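Encoded as structure tokens, the structure appears first; notes follow it.
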Amino acid sequence: MRVNVRPIRGARLACEAVATANRERQTANREPERLMSEILRLRNISKTFPGVVALRNISFDLNEGEIHCLCGENGAGKSTLIKILSGAYQPDEGGEIFFEERPVVLTPHLAMNLGIQTIYQEHVIFETLSVMENIFAGAEIVRRGLLHKSEMKRQTLAVLKYLKSNLSPDAKMGDLSSGEQKIVEIAKGLVFKRKVIILDEPTASFSSVEIDNLLDIIETVKNSGLGIIYISHHLEEVFKIGDRVTVLRDGRKVSEREIAGLTKTALIKDMVGRDPSTFYQREKVPIGEIVFEARNVTGNGARDISFVLKRSEILGISGMAGSGRSELMNVLFGSARLDFGEILINGRVVKQSDPKQAIRNKMCFITEDRQNTGLLLPQTIAQNVTIANLVNTREFVVRSRDDARIGDRFVKQLGIKATNSQTRVVDLSGGNQQKVVLAKWFNTNGEIFIFDEPTVGIDVGSKQEIYKVMVDLLKQGKAIIMVSSDMPEVISMSDRVIVMKNGEKVAELGGDEISEENILTNSIGDKTI
Amino acid sequence: MKRSLKEPSYKTIQTNSLATVFAVFTVLGSVLLTSAKLLAAEGKAKVIGYYMDASDDYYKAGFQVFKALATKAGWQVQDVVGQGTAPEQIAAVENFITQGVDALVVVQNSPATTSECLKKASAAGIPEFHLTHNPPNEPGLAGFSGFDWVYDGELAGQSAMKHNVKRLVMIEGKLGQGTASGQTQGFLQAYKKAGKDIGQALDSVGVKGAGGKDLQIVFWGSGNWFADPAKKVMQDAITALGPDGFDGAYVQNDEMMTGALQAMQEAGLDPSKYWLGASNGKEKSWDWVAKGLTSMDVNQCPSLEGDICFQQITAYFDKKPYKRAVFVNFLPFEKDTLDKSKLIPWILNDYMTKREANAFVYDINNAVFRENPSYVAAK
Amino acid sequence: MSGEAVVEPKPAVRTSLFKRYENLTVLSIFAGFVLVIVLLQLIMGGGAKFPTFISPVNLLNILQQVGVPGIVAIGMTIVMISGGIDLSVGMLASLVSIITALGISKWQLGVVPSVLLGIAAAVGLETIMGFIISRTKVEPFIITLGGMITFQGIALLLCSSREVIMNGELDFLKANLIQGAKDPISHLNLIIPPYVLIFFVIALLGGLLLSYTKYGRRIYAIGTNPQAAYLAGIDVKNMKLSAYVIMGVLVGIGAVMLLARINTGIVTLGQGLEIDTIAMVVIGGTALKGGKGNVVGTLIGVFFLGSIGNAMNMLRLPSEVQFVAKGLVVIIAVSAGDVSNRISGFLSRRRELRWHAEQRATKGESVESTK
């Protein structure tokens, strides 16, 4: 089954695609053994960013009519790999990409023309337009200068029918559920006769019905000759539809196996298995009494969470993306509503309905997305450092001289690389920006710290500095809740670990129980291991 | 530390260079714009500051005649047009005073605003002349030429009575300048003087339904002197009253009449079946009356206002006596009294041609230009 | 901390850097503009006549003409820095003037109570709008636009579409404080009325509020990044509301001043005020999206805009040309500022990066990868 390598522009008749697909399927079924030709091959792919090596010597290939799954923790390098495949990133020197056995240098434009379609987790859709308009957005069928709506509708109906979906072409995209929206995006791939569809964590926040629906459709699509790369940490799905699975860890390819005959245990073993002796060794600090407690906390997606936090302790919160960890943190800090349950600080029940009260109760929240929620980028270091403490000071008048002095003090104390505290935060590097965020909270003299992904996007050198800072906090008698997707970080820094899944707390691990395998098993698998 | 406070100097260079670029651009632009003016260097020529409340072709017509005559006399005229707000009038007058003009001509926004301006003008010793809208009679007012708005309204009222109008739609001009209220008052007065019963209409100006047995104002509205707003008022009136709900309409100027006519025609009404009266007497109204679309109009040409004002100022400069406040002459006409050759044109060239040919009276000293009795000399 | 020698921070400068240099751009452009007008006047006068544009009497005239818009512009600065905007100020001023004028002339309430009533009305109405803006996701543009139309309607209702004439009861607000002073060249009277001084006092208070108080800090924060501000413990909702309340007070005061100046309560009193004040504030360097700007810049913008109209007048340009010229100057003023800032920002950032690179090179730092 040879397919032409001519770049495809604009829309093609879905009927044609369907007919060809049917024909091809019949041909395939007649043949005892399917000749699978290779669509994509990556060889020797590496990708380095300043301070971080995201991918190391990856090789990967994809055949027609195959579903090749990609597994790995957050930060293993999956998104980087996808971006290279879609042409958004260029691999380092020495990396080669072959499309239908011909070498190519991918750009987003070329990738699209060749027929590589990426469906990201974050929807890139037009909510106010219809299904049909979304499918044909940017590639509308035009007749004599006007939109040829009847033709577009016909093709849309044809492809939806092929997918056995009963969606209407006129339905507004914004009214559809996430599952249905994903199906529309897949339909787009068929209408434009794509060759490769990459799905990045497609079933995040899907109901089980939608998951089954999607998986059926993907199987159908596979039968029309497309190659599918399916990224997910939901092992049930991987085992249901995958033909092969590749595991990435820390930018390296750990294994590539056929699904047939594979067990979950073996797969998980591939995903873990770091040498613990290479982890950061944290200084131990004697742990004190309980300073913070959550009882049956429910709200913002989190359900019935209970735990305690002790003085000079780091409580790690682990779980896959979408498990509700940051949402829980927002409830604890007062920036999201507490529907049910109680929060106790030093044994007293507190009512925190906004961050102002939380700060007064000596809580600090270092957010996940420092640029959007943690910093005032156009302002100076001094201004950022003092902003959260306004709640605690009494004077009405503010002197920039005083702020500058405070700012300078923290610049020195945390080793922020700037001339002085008058530098604008937007001009600092990621690591230094994170230090400014830390300074801001230290300035409030808080007791209970919430760190949400404290070292994401930060180079290794700065990471260790921040770990040291956290240990210093413990020595001062503070307590830390740390949400992290970085497995080594969770294991090396936490005294205890809570694992969350689907908004619930599924495990609490302490001491020797804290291991990659235990954490991962609780995060993704069912407990039948 | 290499990086010191050198940052600002970079910025200063940057901004200053930009300012220079800007300055150069402006110089070039302005030189081109004012090249015409540069030729007419400031010498002993009289400079007139001319302020118009808004962009209205009525005011423009007067201005054009004034400017034509002034230019012939060797004067310079500087015009400023506002957007109908009082602060603009005050600012314009202040700026003219600072420039040191020899005389001011103002079409005012409101009498109270003018009061402020007169104070400033008289303190600076600059004479202030007014056109069109009635200024307050205060020191500093050197002259006023306008139409007798009340009489204007009376003429319309007389015509309406002749045609047995009992239920009237009143579409007034812009409120607050004294003009519209004058016309309204005149109209009602005409009925009253003839002994008709108009109830409390004179005291209840603006109240729908006010009136008595012989005249009832069934609809009030203001079109602000412009066609579109007047059209809306007329549409609302037709919707509210129905085609048989009124006998006629007094639409206080031709622009508004244009809008009112459109509204009527669009609603399917035949204008010739109603009494329709307006004022202005523009060329197009001559055709309306001739065709019977409207019943009457009054040829009150602003060009004549400007002409009279020019004569007043000339007399002032020559230190000769002149009529201080003048009612400019106007000619009412209906279909049977229409004589185009006698009517005064609005269009500048036609006006000047007819003026040369003495087709109408324009000399301020002629008796048809009555002295305005409300302006017994205050100074 | 991290092993290598920590760079000792250079002690920060006394006053906030950003205030000192941010306004330099618009100031230079304004200076350039003034220079051009003076030159033109000199050319036109053949070198003999003193350029009246910068004569004392004209400068004071400009002050009087921008005094009231200036007061409102201070309020607009605060609102815009906080990320909002207010289109209703013009009609609100008209409404206040009508209420106050009615209070004095028709309802016989007395001067002071009428003035207070007018200001109270402004504060009340702005509070309502501010409440809606801070508690819902609706754009301030839309809410204040609706306010503008509503206020006009209320104003017309109250005065029955006619003007309300006063008898000079508020003349004390424009009494000449320097009675007898005369311009040295033209011998015209020089006038400094109280409302100009009030303008300066308000400007000073506004500037101090924004730069030297916790309140000001919070205003800048919510305009820069409302989410981050919320998480830092700032009451974003009520801060936004407070900006509109302050605006209400200033519009009230400004309207009373304007009423004194023109002696009539009339619906067109504030017409166009919103456009003028927003233009002044934007020319002065305040960004429409918030988080940036200061009172000094606004002051420059106030005088700049005021002098454009005045200058066009002085140059004897025909009225049609005046409109075109005014528009062009505004466009140039705003965009030149933005372009210049971009160039400066780019250049200074490049210097920073180069400095950091040098630092790294001299210290022998290298990017480590442990895995």
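Chain order of the listed sequences is A, Y and V.
One point on numbering: in my numbering, the residue at position 151 of the first sequence is 151, and numbering is uninterrupted.
One point on numbering: in my numbering, the residue at position 210 of the second sequence is 739, and numbering is uninterrupted.
One point on numbering: in my numbering, the residue at position 294 of the third sequence is 1202, and numbering is uninterrupted.
Ideal placement from N, C-alpha and C gives every residue a C-beta, glycine not left out.
Predicted, not measured: the structure shown is a model, and the values here were computed from it.
What do you get for P874(Y), buried or exposed, if any count of 16 or more other CB atoms within 10 angstroms of its CB means buried?
Locating residue 874(Y) in the second sequence gives position 345, where the first residue counts as 1. P874(Y) comes out buried.
How big is the Cα-Cα spacing for W815(Y) and I626(Y)?
Reading the second sequence from its first residue, position 286 is the one you call residue 815(Y). Reading the second sequence from its first residue, position 97 is the one you call residue 626(Y). About 41 Å.
With contact counted as at least three CB pairs below 8 Å, one residue from each stretch, are the region 320-333 of chain A and the region 353-372 of chain A in contact?
yes
Judging by CA-CA distance, which residue of F279(A), R496(A), N74(A) and E313(A) is the nearest neighbour of V285(A)?
The count along the first sequence starts at 1 and reaches residue 285(A) at position 285. Answer by Cα proximity: E313(A).
Exposed or buried, what is V1109(V) when buried is set at 16 or more other beta-carbons lying within 10 Å of its beta-carbon?
The count along the third sequence starts at 1 and reaches residue 1109(V) at position 201. By the C-beta density criterion, V1109(V) is exposed, having fewer than 16 other C-beta atoms within 10 angstroms.
Are the beta-carbon atoms of I986(V) and S1215(V) separated by less than 8 Å?
Here residue 986(V) is taken as the residue at index 78 of the third sequence, counted from 1. Here residue 1215(V) is taken as the residue at index 307 of the third sequence, counted from 1. Result no, Cβ atoms of I986(V) and S1215(V) do not sit closer than 8 Å.
Quickly, what does DSSP pair Y1138(V) with across the bridge? List them, please.
Indexing the third sequence from 1 puts residue 1138(V) at position 230. In the DSSP output, where bridge partners are listed per residue, Y1138(V) has none listed.
For D799(Y), count neighbouring Cβ atoms within 10 angstroms of its own Cβ and tell me buried if that reaches 16, exposed if not.
Here residue 799(Y) refers to the residue found at position 270 when the second sequence is read from its first residue. When all chains shown are included, D799(Y) counts as exposed.
Could you pull the start and end residues of the beta strand (DSSP E) that T1206(V) belongs to?
Residue 1206(V) sits at position 298 when you count from the first residue of the third sequence. Per DSSP, T1206(V) belongs to no beta strand (DSSP E); it is in the alpha helix (DSSP H), V1203 to M1222.
What's the C-alpha gap between V1238(V) and I1174(V)?
On the third sequence, residue 1238(V) is found 330 positions in, with the first residue counted as 1. On the third sequence, residue 1174(V) is found 266 positions in, with the first residue counted as 1. Spanning the two alpha carbons is a distance of roughly 28 Å.
According to DSSP, which residues form a beta bridge with Q607(Y)?
In the second sequence, residue 607(Y) corresponds to position 78, counting from 1. Q607(Y) is bridged to G578(Y).
Going by DSSP, which residues form a beta bridge with R1169(V)?
Working through the third sequence from its first residue, we reach residue 1169(V) at position 261. Partner(s): none; R1169(V) has no beta bridge.
Taking the alpha-carbon positions, what's the M763(Y) to D773(Y) distance?
In the second sequence, counting from the first residue as 1, residue 763(Y) sits at position 234. In the second sequence, counting from the first residue as 1, residue 773(Y) sits at position 244. Rounded to the nearest angstrom, the two C-alpha atoms are 14 Å apart.
Of the residues K440(A), A158(A) and N518(A), which one's Cα is nearest the Cα of D403(A)?
Residue mapping note: residue 403(A) aligns to position 403 of the first sequence, counting from 1. Ranking K440(A), A158(A) and N518(A) by Cα distance to D403(A) puts K440(A) first.
Is the Cβ-Cβ distance between T423(A) and I387(A) less than 8 Å?
Position 423 of the first sequence, counting from 1, holds the residue named residue 423(A). Position 387 of the first sequence, counting from 1, holds the residue named residue 387(A). In this structure, I387(A) does not lie closer than 8 Å to T423(A) by Cβ.
I want to verify the contact list: residues of chain A whose CB lies under 9 Å from the CB of G1141(V), in sequence order.
Numbered from 1 along the third sequence, position 233 holds the residue referred to as residue 1141(V). The contacting residues are D354, P355, K356, Q357, A358, I359, R360, I387, A388, N389, L390, V391, N392 and T444.
Short of 6 Å in beta carbon distance, which residues of its chain neighbour A792(Y), apart from the five on each side in sequence? Order them along the chain.
Here residue 792(Y) refers to the residue found at position 263 of the second sequence. Closer than 6 Å at Cβ, skipping near neighbours: K760, M763 and Q764.
If I measure Cβ to Cβ from E900(Y) and keep anything under 8 Å in the same chain, skipping five residues before and after, which residues do I get?
Counted from its first residue, the second sequence places residue 900(Y) at position 371. Residues K852, R853, A854, V855 and F856 of the same chain have their beta carbon placed closer than 8 Å to that of E900(Y), with the five preceding and five following residues left out of the count.
Taking C-beta to C-beta, are I448(A) and I305(A) nearer than 8 Å?
As a position in the first sequence, residue 448(A) is number 448, starting the count at 1. As a position in the first sequence, residue 305(A) is number 305, starting the count at 1. Their beta carbons are not under 8 Å apart, which means I448(A) does not touch I305(A) by this criterion.
By DSSP's criteria, A1001(V) is part of a beta bridge. Which residues make up the other side?
On the third sequence, position 93 is the one that residue 1001(V) refers to. Paired residue(s): none; A1001(V) is not in a bridge.
With 16 as the cutoff for other CB atoms within 10 Å, does P861(Y) come out buried or exposed?
As a first step, residue 861(Y) is located in the second sequence; it is residue number 332 there, counting from the start. Result: buried.
Quick check: what's the CA-CA separation for G953(V) versus W604(Y)?
For the purposes of this step, residue 953(V) is identified with residue 45 of the third sequence, where counting begins at 1. For the purposes of this step, residue 604(Y) is identified with residue 75 of the second sequence, where counting begins at 1. G953(V) and W604(Y): Cα-Cα distance of roughly 16 Å.
Taking Y1152(V) as the query, report the chain A residues whose CB atoms sit under 9 Å from its CB, ordered along the chain.
The sequence position of residue 1152(V) within the third sequence is 244, counting from 1. The premise fails here: Y1152(V) is roughly 20 Å from chain A at the closest Cβ pair, so nothing lies under 9 Å.
Give the straight-line distance between the Cα atoms of K869(Y) and H692(Y), rounded to the nearest whole angstrom.
In the second sequence, the residue the question calls residue 869(Y) occupies position 340. In the second sequence, the residue the question calls residue 692(Y) occupies position 163. Approximately 23 Å between the Cα atoms of the pair.
Kindly list the residues whose CB is nearer than 6 Å to the CB of T80(A), restricted to its own chain and excluding five residues on each side of it in sequence; keep chain order.
In the first sequence, counting from the first residue as 1, residue 80(A) sits at position 80. Answer for T80(A): K47, A54 and L55, listed in chain order.
Would the beta-carbon of S59(A) be found less than 7 Å away from any heavy atom of the ligand ADP?
For the ligand ADP, the structure offers nothing, since it holds no ligand at all.
What is the DSSP secondary structure of T600(Y), counted as helix, strand or coil?
As a first step, residue 600(Y) must be located in the second sequence, where it is residue number 71. DSSP places T600(Y) in helix when its eight states are reduced to three.
Scan the region 815-868 of chain Y and note each continuous alpha helix (DSSP H) run of 4 residues or more that stays entirely inside, going in chain order.
831-846, all fully within the region 815-868 of chain Y.
Measuring only the C-alpha atoms, how far is N638(Y) from F755(Y)?
Sequence index remark: in the second sequence, residue 638(Y) carries index 109 (1-based). Sequence index remark: in the second sequence, residue 755(Y) carries index 226 (1-based). So the two alpha carbons sit approximately 16 Å from each other.
Give me the residue from M1165(V), N1097(V) and Q1060(V) with the minimum Cα distance to V980(V).
Walking along the third sequence from the start, residue 980(V) turns up at place 72. Nearest option by C-alpha distance: M1165(V).
Listed from N- to C-terminal order along the chain, which residues in the region 1182-1214 of chain V have their beta-carbon within a distance smaller than 8 Å of any beta-carbon of chain B?
Considering every chain present, this structure includes no chain B. Its protein chains are A, Y and V.
Which of the three DSSP states is assigned to N432(A) in this structure?
Residue numbering aside, residue 432(A) sits at position 432 when the first sequence is read from its first letter. N432(A) falls in the helix class under three-state DSSP.
What residues in the region 1115-1145 of chain V bring their beta carbon closer than 8 Å to a beta carbon of chain A?
S1119, Y1120, T1121, K1122, Y1123, G1124, R1125, R1126, Y1128, A1129, T1132, N1133, Q1135, A1136, A1137, Y1138, L1139, A1140, G1141, I1142 and D1143
Report the neighbours of N895(Y) on chain V: residues whose CB is nearer than 7 Å to its CB, in chain order.
Counting from one through the second sequence, the residue named residue 895(Y) turns up at place 366. Within 7 Å Cβ-Cβ: nothing; N895(Y) doesn't reach chain V, min ~32 Å.
Can you say whether N389(A) is buried or exposed, counting buried as having 16 or more other CB atoms within 10 angstroms of its CB?
As a working mapping, residue 389(A) is identified with position 389 in the first sequence. N389(A) should be labelled buried.
The beta strand (DSSP E) spanning I366(A) covers which residue range?
In the first sequence, counting from the first residue as 1, residue 366(A) sits at position 366. Run containing I366(A): M363 to I366, per the beta strand (DSSP E) assignment.
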